[in-house]
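**Q** Numbering (numbering that gives the first Met the number 0), first residue to last: 0 to 164.
Glycine is no exception: its CB is placed at the ideal position from the N, C-alpha and C atoms.
Since we're looking at a predicted model, the values are computed, not measured.
Quick one: structure below, then a few questions.
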Amino acid sequence: MVKIRYIAAAVLLLLAIWAVIQLFPGEEKRVKKQFHLMAKWVSKEHGENTVTMAYKTKSMESLFYPKCEVNLPPYSFSGLFTPEELAGYASQGRLYFDDLQLRFYDLAVAFRDRGTVEVNFTAKLTGKTKNGELVDETHELVCLLHKTEKGWLFGRIEVVEVLKR
0 MVKIRYIAAA VLLLLAIWAV IQLFPGEEKR VKKQFHLMAK WVSKEHGENT
50 VTMAYKTKSM ESLFYPKCEV NLPPYSFSGL FTPEELAGYA SQGRLYFDDL
100 QLRFYDLAVA FRDRGTVEVN FTAKLTGKTK NGELVDETHE LVCLLHKTEK
150 GWLFGRIEVV EVLKR
């Protein structure tokens, strides 16, 4: 009878620890969630209506720091942008596609200090343009995210040029 109580107490303790871990994710998990949201809101499904497009565009704005530095040499796109500008550019880019998927792989999260994190990762963009052309691009990027009262926000996005010919 005493052994059963100890076993039951141990099981309850393990369940409590598991619940705390699941319900209160760590900072790394919160950072990775921002990438999940970015992929979700940039991606486009065939037949997406204008209301969904407007929702995704408005939602994208919430991911960026008030001034976000972007450096994408393969696309000749760089500068300091507001969240509204970045969401607008992303929305314009989405208009050329019938189907678009953005995925992130190999996220390496490195905390610089309490309020800043650097993430190195691979981004894969696949889709089909309205002209029927297939798109399949992969780039290595590095992002700097800043912690605010709204959560982790993208402050810098930069393509890492791996190999040049």
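Ordered along the chain, which non-local residues of its own chain (more than five positions away) have a Cβ less than 6 Å from that of K146?
**A** Working through the sequence shown from its first residue, we reach residue 146 at position 147. Cβ-Cβ distances below 6 Å link K146 to G114 in the same chain, with the five nearest sequence neighbours on each side left out; the list follows chain order.
**Q** Residues in its own chain within less than 6 Å of E68 by CB, not counting five upstream and five downstream?
**A** In the sequence shown, the residue the question calls residue 68 occupies position 69. Closer than 6 Å at Cβ, skipping near neighbours: L79 and R155.
**Q** Apart from the five residues just before and just after K57, which ones in its own chain have a Cβ nearer than 8 Å to its Cβ?
**A** If you number the sequence shown from 1, residue 57 lands on position 58. Hits under 8 Å: A86.
**Q** Start and end of the beta strand (DSSP E) containing G78?
**A** As a working mapping, residue 78 is identified with position 79 in the sequence shown. Run containing G78: F76 to F80, per the beta strand (DSSP E) assignment.
**Q** Please identify the residue among L101, V161 and L152 whose C-alpha is closest to the C-alpha of Y64.
**A** For the purposes of this step, residue 64 is identified with residue 65 of the sequence shown, where counting begins at 1. Comparing Cα-Cα distances from Y64 to each of L101, V161 and L152, the minimum goes to L152.
**Q** Among E84, S75, E47 and R102, whose alpha-carbon lies nearest the alpha-carbon of S61?
**A** The residue labelled residue 61 in the question sits at position 62 within the sequence shown. Cα-wise, what sits closest to S61 is E84.
**Q** Confirm, please, whether the CB-CB distance from V118 to C142 is below 8 Å.
**A** To locate residue 142, count along the sequence shown from 1; it is residue 143. To locate residue 118, count along the sequence shown from 1; it is residue 119. In this structure, V118 lies closer than 8 Å to C142 by Cβ.
**Q** Could you name the residues of the same chain whose beta carbon sits closer than 6 Å to that of E136, not counting the 5 residues immediately before and after it, in chain order?
**A** Working through the sequence shown from its first residue, we reach residue 136 at position 137. Hits under 6 Å: L124.
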